[in-house]
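**Student:** Okay, handing you the structure first.
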Amino acid sequence: NAGVTQTPKFQVLKTGQSMTLQCAQDMNHNSMYWYRQDPGMGLRLIYYSASEGTTDKGEVPNGYNVSRLNKREFSLRLESAAPSQTSVYFCASRKTGASSYNEQFFGPGTRLTVL
Amino acid sequence: LAKTTQPISMDSYEGQEVNITCSHNNIATNDYITWYQQFPSQGPRFIIQGYKTKVTNEVASLFIPADRKSSTLSLPRVSLSDTAVYYCLVDSLDSNYQLIWGAGTKLIIKP
Chain S
6 NAGVTQTPKF
16 QVLKTGQSMT
26 LQCAQDMNHN
36 SMYWYRQDPG
46 MGLRLIYYSA
56 SEGTTDKGEV
66 PNGYNVSRLN
76 KREFSLRLES
86 AAPSQTSVYF
96 CASRKTGASS
106 YNEQFFGPGT
116 RLTVL
Chain U
49 LAKTTQPISM
59 DSYEGQEVNI
69 TCSHNNIATN
79 DYITWYQQFP
89 SQGPRFIIQG
99 YKTKVTNEVA
109 SLFIPADRKS
119 STLSLPRVSL
129 SDTAVYYCLV
139 DSLDSNYQLI
149 WGAGTKLIIK
159 P
C-alpha cells in the first residue's frame, strides 16, 4: 500500500496563477483533510471531507476550494495564488465512525512558493 | 474549541526519559488527546492517543489526569533519532471537525 500520496512535491507559482494539489489514499478511509504548515508553525486545517461527496471548511479556508472526487481522491485548488499562500501543504486521511477517533495518516507534503 | 499549549522547545540526553506536557483547559467530554511526531520535510506521524488515565504502547506512554485539562507524553530512553517536533492534538469529533494543532514542542536529544 502506498498510503497517502500527494502531487506535486514542489511548485512555484506567480501571483494570480491557479493550480490544483492532488491527494489520493489507498486505505479505504472515509475522512480526508487538507492542512497548511507555515515555517515553525503547527498545522492549520483548510478543508476536510467526512465522506465521499461532502466537504466542509476548516480553520483557514479563504482562498481555497476542494473537491472530493471519489473515496480515494481529495484535491485542493488555489484559484488565484497569493504570496500569503506560500506554505507546505499536507493531505491526511483516516477511518472515522460514530465512536472512533483513529489516527490520521499524512502524505509527504507539497512545498508551494508563490512569488 | 480546545486550544493546546506546549513548551516551545526541550533538550535532553540519550538514554533519558523525556516528558512533554500539554495543557488543554477547554477540552470537551467527547474529545480525545492525540500526540504526533514530525521530522523535517515529512508529514506528522501518530504516536499515541488517549481519553483518560494512562495509555502505553511500544514507543510511548500518555498520562491524562482525572480533570483531563492536561496530558503528558513520556518517551522512555530517548535516542538521537527522537529529535523531532511533537504535537499535542485535541481531536474534536463535533459537527465542525475543528482539529486544532498547537505549535508543537521541538525536542533536541544530545549525545
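Chains as they are written, first to last, in this note's numbering: chain S, 6 to 120; chain U, 49 to 159. C-beta atoms are modelled at their ideal positions from N, C-alpha and C, and glycine is treated no differently.
Which residues of chain S have a Cβ atom closer than 7 Å to the Cβ of U:G152, listed in chain order?
**Tutor:** Within 7 Å Cβ-Cβ: G47.
**Student:** Whole angstroms is fine: what's the gap from U:S143's alpha carbon to S:D61's?
**Tutor:** Reliability fails at U:S143, whose pLDDT of 48 lies under 50, so the model's placement of it is uncertain and no value is given.
**Student:** So, at 7 Å on beta carbons, what are the nonlocal neighbours of S:D43 in its own chain, with the 5 sequence-adjacent residues on each side left out?
**Tutor:** The answer, listed in chain order, is S92.
**Student:** Sorted by chain position, which residues of the same chain lie with C-beta nearer than 7 Å to S:G114's C-beta, five sequence neighbours on each side aside?
**Tutor:** The residues are Q11, V93, Y94, F95.
**Student:** Report yes or no: do three or more beta-carbon pairs, one from the stretch 23 to 40 of chain S and one from the stretch 70 to 81 of chain S, lie closer than 8 Å?
**Tutor:** The stretch 23 to 40 of chain S vs the stretch 70 to 81 of chain S: in contact.
**Student:** If you draw a straight line from the C-alpha of S:L117 to the C-alpha of S:K19, how long is it?
**Tutor:** Near 11 Å, if we compare the C-alpha coordinates of S:K19 and S:L117.
**Student:** Quick one: what's got a C-beta closer than 7 Å to U:L128's C-beta in the same chain, skipping five residues either side?
**Tutor:** Around U:L128: E62, I157, P159.
**Student:** Quick check on the burial criterion: 16 or more other C-beta atoms within 10 angstroms. Buried or exposed for S:G21?
**Tutor:** So S:G21 ends up on the exposed side.
**Student:** Between the alpha carbons of U:D79 and U:T52, how many angstroms are there, rounded?
**Tutor:** The alpha-carbon atoms of U:D79 and U:T52 are separated by roughly 12 Å.
**Student:** Using a beta-carbon distance below 9 Å, is U:P92 in contact with chain S?
**Tutor:** Yes, contact with chain S.
**Student:** S:P113 touches chain U at which residues, Cβ-Cβ below 9 Å?
**Tutor:** Those are S89, Q90, G91, listed as they occur along chain U.
**Student:** Taking one C-beta from the stretch 114 to 121 of chain U and one from the stretch 66 to 84 of chain U each time, how about it: are there three or more such pairs within less than 8 Å?
**Tutor:** Counting Cβ pairs under 8 Å, three or more are found: they touch.
**Student:** From this set, S:N33, S:S54, S:L50, which residue's C-alpha is nearest S:V9's C-alpha?
**Tutor:** Of the candidates S:N33, S:S54, S:L50, the one whose C-alpha sits nearest the C-alpha of S:V9 is S:N33.
**Student:** Please report the Cβ distance between S:Y53 and S:Y69, rounded to the nearest whole angstrom; I am assuming they are in contact, meaning their Cβ atoms lie under 8 Å.
**Tutor:** Incorrect: roughly 12 Å between the Cβ atoms, too far for contact.
**Student:** Using a Cβ-Cβ cut-off of less than 9 Å, give me the residues of the stretch 43 to 77 of chain S that come near chain U, in sequence order.
**Tutor:** Correct list: G45, M46, G47, L48, R49, L50, Y53, A55, D61, K62, G63, E64.
**Student:** Taking S:F152 as the query, report the chain U residues whose CB atoms sit under 7 Å from its CB, ordered along the chain.
**Tutor:** No answer is possible for residue 152 of chain S: it lies beyond the span of chain S, which begins at 6 and ends at 120.
**Student:** Does U:L147 come within less than 9 Å of chain S when only Cβ atoms are used?
**Tutor:** So yes, U:L147 belongs to the interface.
**Student:** Against chain S, with Cβ distances strictly below 9 Å, would U:Y61 count as a contact?
**Tutor:** Not one chain S Cβ lies under 9 Å of U:Y61.
**Student:** Say whether chain S places a C-beta atom closer than 9 Å to the C-beta of U:T82.
**Tutor:** It does; some Cβ of chain S falls within 9 Å.
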